[in-house]
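Colleague: Submitted below is the structure of interest, expressed as structure tokens.
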Ligand SMILES: Nc1ncnc2c1ncn2[C@@H]1O[C@H](COP(=O)(O)OP(=O)(O)OP(=O)(O)O)[C@@H](O)[C@H]1O
Ligand SMILES: [Mg+2]
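Right, dumping it as structure tokens:
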């Protein structure tokens, strides 16, 4: 049978600092996310959600444990590749609370930047970018600067940018925090559609309980570990 695993973490540990000032944020987190799945990552502020996302995204080095991205084991007590940047560029799309579009580039140039860095021609990367903008219903904004778009339009452009390198994994850190409820629902539904249409795994950090029913599953950081809950279980027991 085809392996559906997109992300697997085993016994992940992350501590910051040394000696008396050492903080243990994650201790023994094991979980898996499959292709096509939209998973919410929840926990109180300071519990380690961003830390966990940045380790999965090969931005922050864990203290110990193992990480697989797709079939590739990328970390076992150390990075197994010198090229974490390459893994990041090729496999992962990031979306943040603020859109972080580059203010002095047009929407189109923002989206084609990484693919062109990865060696895709200008022509092909622009063709792909226009298709993404059409998918997000902001094709008419291709030549606009981010400052002239609304919050929701910029966030959709940022999602288009995250998709432009055809990632297998999308890591979104509170992507709807700056949006009203209607826009938030639109963005989360869009993430689910992307997960299914493009067979990617999406982990979305959220503090917004209204978004949880739109997700397939909930991962919660509890006692520095990661526990998986079903969405219906959340409704019954109010795990937030
Ligand atoms: N570079 C760092 N050095 C020291 N401590 C850090 C560092 N980064 C994060 N921490 C600590 O790790 C803990 C988890 O932080 P993290 O940002 O992952 O929380 P979070 O769950 O994303 O919170 P929020 O919901 O507020 O975004 C916090 O106690 C934070 O102070
Ligand atoms: Mg955070």
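Numbering (our numbering), first residue to last: 24 to 263.
Don't be surprised by glycine CBs; every beta carbon is placed ideally from N, CA and C.
When DSSP builds the beta bridges, which residues end up paired with residue 108?
Modeller: The residue given as residue 108 occupies position 85 in the chain shown. Paired residues: none, contrary to the question.
Colleague: Count the other CB atoms within 10 Å of the CB of residue 43; is the residue buried (16 or more) or exposed (fewer)?
Modeller: Taking the chain shown and counting its residues from 1, one reaches residue 43 at position 20. The residue in question, residue 43, is exposed, as its Cβ has fewer than 16 Cβ neighbours within 10 Å.
Colleague: I'd like to know if the region 202–220 and the region 29–37 are in contact, where contact means that at least 3 CB-CB pairs between them fall below 8 Å.
Modeller: Contact fails: fewer than three Cβ-Cβ distances are below 8 Å.
Colleague: Which runs of the alpha helix (DSSP H) at least 4 residues long sit entirely within the region 81–149? Give them in chain order.
Modeller: Complete alpha helix (DSSP H) runs here, min 4: 107–114, 130–140.
Colleague: By the DSSP assignment, the alpha helix (DSSP H) with residue 220 in it spans what residues?
Modeller: To locate residue 220, count along the chain shown from 1; it is residue 197. Unbroken alpha helix (DSSP H) run through residue 220: 204–221.
Colleague: If you check the beta carbons only, do residue 197 and residue 228 fall under 8 Å apart?
Modeller: Stepping through the chain shown from its first residue, residue 197 is reached at position 174. Stepping through the chain shown from its first residue, residue 228 is reached at position 205. Yes, the pair counts as a contact, with Cβ atoms nearer than the cut-off.
Colleague: Just the Cα atoms here: how many angstroms apart are residue 172 and residue 163?
Modeller: Working through the chain shown from its first residue, we reach residue 172 at position 149. Working through the chain shown from its first residue, we reach residue 163 at position 140. Approximately 11 Å between the Cα atoms of the pair.
Colleague: For residue 27, count the other beta carbons within 10 Å of its own beta carbon; 16 or more makes it buried, fewer makes it exposed. Which is it?
Modeller: As a first step, residue 27 must be located in the chain shown, where it is residue number 4. Residue 27 should be labelled exposed.
Colleague: Considering just the uninterrupted stretch of the alpha helix (DSSP H) at residue 229, what are its terminal residues?
Modeller: Looking up residue 229 in the chain shown gives position 206. Unbroken run through residue 229: none, as it is neither H nor E.
Colleague: Quick check on residue 148: buried or exposed, where buried means 16 or more other Cβ atoms within 10 Å of its Cβ?
Modeller: Start at 1 with the first residue of the chain shown, and residue 148 comes out as number 125. Residue 148 comes out buried.
Colleague: Could you spell out the range, first to last residue, of the alpha helix (DSSP H) harbouring residue 186?
Modeller: Start at 1 with the first residue of the chain shown, and residue 186 comes out as number 163. Run containing residue 186: 174–186, per the alpha helix (DSSP H) assignment.
Colleague: Considering only heavy atoms of ligand 1, does any lie closer than 7 Å to the CB of residue 117?
Modeller: Within the chain shown, residue 117 is the residue found at index 94, counting from 1. No, the beta carbon of residue 117 sits no closer than 7 Å to any heavy atom of ligand 1.
Colleague: Which residue's Cα is closest to the Cα of residue 233: 223, 202, 248?
Modeller: Taking the chain shown and counting its residues from 1, the one referred to as residue 233 is at position 210. When only C-alpha atoms are compared, the closest one is 202.
Colleague: Verify the CB distance criterion: does residue 197 have a CB-CB separation below 8 Å to chain C?
Modeller: In summary, chain C is missing from the structure at hand, where a single protein chain is found.
Colleague: Check the DSSP bridge columns for residue 38 and list the partner residues they point to.
Modeller: The count along the chain shown starts at 1 and reaches residue 38 at position 15. Partner(s): 47.
Colleague: With a threshold of 7 Å (Cβ to nearest heavy atom), would residue 228 be considered close to ligand 2?
Modeller: By 1-based counting over the chain shown, the position of residue 228 is 205. Result yes, Cβ under 7 Å from ligand 2.
Colleague: Spatial neighbours of residue 39 within its chain, please: CB distance less than 6 Å, with the 5 preceding and 5 following residues excluded, ordered by chain position.
Modeller: To locate residue 39, count along the chain shown from 1; it is residue 16. Closer than 6 Å at Cβ, skipping near neighbours: 46.
Colleague: Going by alpha carbons, who is nearest to residue 187 out of 174, 158, 36?
Modeller: The count along the chain shown starts at 1 and reaches residue 187 at position 164. Cα-wise, what sits closest to residue 187 is 158.
Colleague: Taking 8 Å as the threshold (C-beta atoms), are residue 200 and residue 139 in contact?
Modeller: Taking the first residue of the chain shown as position 1, residue 139 is located at position 116. Taking the first residue of the chain shown as position 1, residue 200 is located at position 177. No, they are not a contact pair.
Colleague: Buried or exposed for residue 225, going by 16 or more other Cβ atoms inside 10 Å?
Modeller: On the chain shown, residue 225 is found 202 positions in, with the first residue counted as 1. Counting Cβ neighbours within 10 Å, residue 225 comes out buried, since at least 16 surround it.
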